[in-house]
């Protein structure tokens, strides 16, 4: 494996993932495990949806005043004895981190789990300059020794089974008895804990990310379950916090609101085990803690997102609920997305970071079923943002000639309702007649991609719109067909009955999207 | 132009603001000063006795263990009981916390109590929490010589004493207690680290199998002391 970005090869990556039986086993467990556990913990808190509104509003408010909150935050970090560094680009951030490490005479650096550090590739940068970075989150440690990208933002090694991990441990943990038992997850954890405990105690610098930066107090906050982030931030002489600009929140109370939706959405916990609020370096009387506390504020393309429709994406708190509920992620896993951010949030964020030219096929990898938006704790309209990227890719002339011609033809139809009705009506009637005997098609011209892996059900003779009109007109025959009506409710991403225009949680099995998709 | 100017410049250009708008400045200053509360779950608004019961239930739900003690004087015996029950040597490390220092440790002469930060060779450590949050079973600990951060993470068994009268119903109330000025001679503001701890360390990074004791303690044992304030 390698850590190079391969987002431009999504289709190829996805095909490989679908054929990988070990991966498919791991993904099946994501699909069954996470959504059920999240639902249970959400149902135990009646205020959950009100908290999602609150969380969305806090992030939207902070982004609208980001310059001022950032100023307030910076002043308070300095007042507490910490240092703030500004990194407009990934290269700037890497240079700043390396300079701090060099000034500290660092040889090894321990790391807490940080997605922005994966994004900017700080490990590679340090290693290239003779400093050894050691990931200490168990999942991050595993993918580091395998030289892979994380396949999930919360569970980086979710694509692996314990036999694969045992093989890696035997390969890198040299000097341990070759016949030791690594057959269980507990045995693997014990070995990693022992190995990493030595690294914690030996490290010169600790690097963590931040789930939140608090303007009120000048604090950085990490949320973890293992305790590795706290050891990383406590034992070395220097603590570096890497955080992107959108991690800011105004106050401790705002953090409390976000914490309630974060743990429930990420790991189905009511509260993660360790939420730690760091403010500055070791105080004069402190017996432990770092002597230096640095915060590196990373932009790397985010300020540009503030200007347009993608500002909503900056509300993301990196919980991973969208990928846990995504049928495409369940099918192909995280590595197919070819960058550190997979799933629906990655399909929106990655084109901002790598460019739509390289990552334009990620927002195409969606059925627009709407589950990601339905579970998002900060109510990011992920399908709508993916649609914006599709629009941009089309207007920039990206994509194959065939798909562009198809989209252009579709555009002609979709913009002319009378033509759309005439053509779809004729096609439905034709297909209904052709499919009457078997009720389904195993091959169809122009639909080979669909029928290669499953049959297409034959239409019943009229389009949805035609049936709906007949039903509205009081046709008793149409009223006896419940299926279209049920579909009508399930198909809407934004139910018109909802005054807030928000997607509600789906209560039905995943609908097959059959609505006309206007693209662009 | 410095990197700082560059970043503020691009943020302000994207937002279409100058940063000089008095109305925006007032909105931000007011919010930072007033820290308005958001949605507080109903379960965080229980009366004092029910709060303590909820705290204990939630600690157990987070895979911690918990006992209720009538007075602080009962703590040394309860700790010795716990260590014996876990087949551990009767040895313990604590910080300089005055509430812990004042306990009648002499009643457990076999219990060896060391004082100071941990260097990683202690099996058990005890801290005193400053508050707890009933809604999630969360303990609030401040770093410093009283309760060094290393005691929360390096020993295999972390014992935490918390006063029943410091149990808040909801997280915002507990955080507000941090914000309040402390006693005479205590510096204002937050300590280097505030630890919100909910159960023992854990991971599910291998095949999503939950295992306790990832890098931090394998066990968290809480001793709730005294009566809740009315």
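Residue numbers (my numbering), protein chains in the order written: chain V, 15 to 534; chain X, 24 to 253. Quick reminder that beta carbons are idealized off the backbone N, C-alpha and C, glycines included.
The contact set of residue 173 of chain X on chain V, defined by CB atoms closer than 7 Å, consists of 248, 302 in chain order. According to the DSSP assignment, residue 365 of chain V belongs to the alpha helix (DSSP H) that extends over 357-368. Less than 9 Å separates the beta-carbon of residue 293 of chain V from that of residue 213 of chain X.
Residue burial annotation: residue 24 of chain X is exposed, with fewer than 16 other C-beta atoms found within 10 angstroms of its C-beta. Counting only runs of 3+ residues, the beta strand (DSSP E) found wholly inside the region 162-218 of chain X occupies 180-186, in chain order. The shortest C-alpha to C-alpha distance from residue 197 of chain X to any of X/166, X/152, X/90 is the one to X/152. Cβ-Cβ distances below 6 Å link residue 168 of chain V to 280, 334 in the same chain, with the five nearest sequence neighbours on each side left out; the list follows chain order. For the region 132-149 of chain X, the set of residues with a beta-carbon nearer than 7 Å to any beta-carbon of chain V comprises 139, 140, 143, in chain order. The C-beta distance from residue 221 of chain V to residue 127 of chain V rounds to 10 Å, too long to meet the 8 Å contact threshold. Taking 9 Å as the threshold, the shortest C-beta distance from residue 396 of chain V to chain X does not fall below it.
For the C-beta of residue 64 of chain X, the chain V residues within less than 7 Å are, from N- to C-terminus, 59, 61. Interface residue (Cβ-Cβ distance to chain X less than 9 Å): residue 283 of chain V is classified as such.
Per DSSP, the continuous alpha helix (DSSP H) segment holding residue 341 of chain V begins and ends at 341-346. In the DSSP assignment, residue 397 of chain V falls outside any beta strand (DSSP E) and lies within the alpha helix (DSSP H) extending over 396-409. Runs of the alpha helix (DSSP H) lying entirely within the region 86-171 of chain X, each at least 4 residues long, are 98-108, 121-124 in chain order. Within the DSSP secondary-structure output, residue 225 of chain X pairs in a beta bridge with X/235. In this structure, the beta-carbon distance from residue 220 of chain X to residue 203 of chain V does not fall below 9 Å. Remark: fewer than three beta-carbon pairs, one from each stretch, lie closer than 8 Å, so the region 382-392 of chain V and the region 365-373 of chain V are not flagged as touching. Ranked by Cα distance from residue 116 of chain V, the first of V/229, V/409, V/139 is V/139. Listed along chain V, the residues sitting closer than 7 Å to residue 47 of chain X by beta-carbon distance are 79, 82. Interface with chain X (9 Å Cβ-Cβ cutoff): residue 274 of chain V is included. A buried status is given to residue 183 of chain V, since no fewer than 16 other beta-carbon atoms sit within 10 Å of its beta-carbon. Remark: fewer than three beta-carbon pairs, one from each stretch, lie closer than 8 Å, so the region 78-93 of chain V and the region 203-219 of chain V are not flagged as touching. Following the DSSP letters along the chain, one finds residue 441 of chain V inside the alpha helix (DSSP H) bounded by residues 431-448.
Inclusion of residue 252 of chain X and residue 188 of chain X in the CB contact set at 9 Å is warranted, their separation being smaller than that value. Residue ranges of uninterrupted alpha helix (DSSP H) with 4 or more members, entirely inside the region 40-79 of chain X and ordered along the chain, are 45-57. Residue 58 of chain X has a beta carbon lying within less than 9 Å of a beta carbon in chain V. Scanning X/72, X/60, X/96 for the CA closest to the CA of residue 191 of chain X turns up X/72. For residue 204 of chain V, the uninterrupted alpha helix (DSSP H) segment begins and ends at 199-216. Per DSSP, reduced to three states, the secondary structure at residue 127 of chain V is coil, with no helix or strand assignment. Against chain X, a Cβ distance below 7 Å from residue 241 of chain V picks out 176, 224, 237, 238, 239. One alpha carbon belongs to residue 107 of chain V, the other to residue 362 of chain V, and they sit about 23 Å apart.
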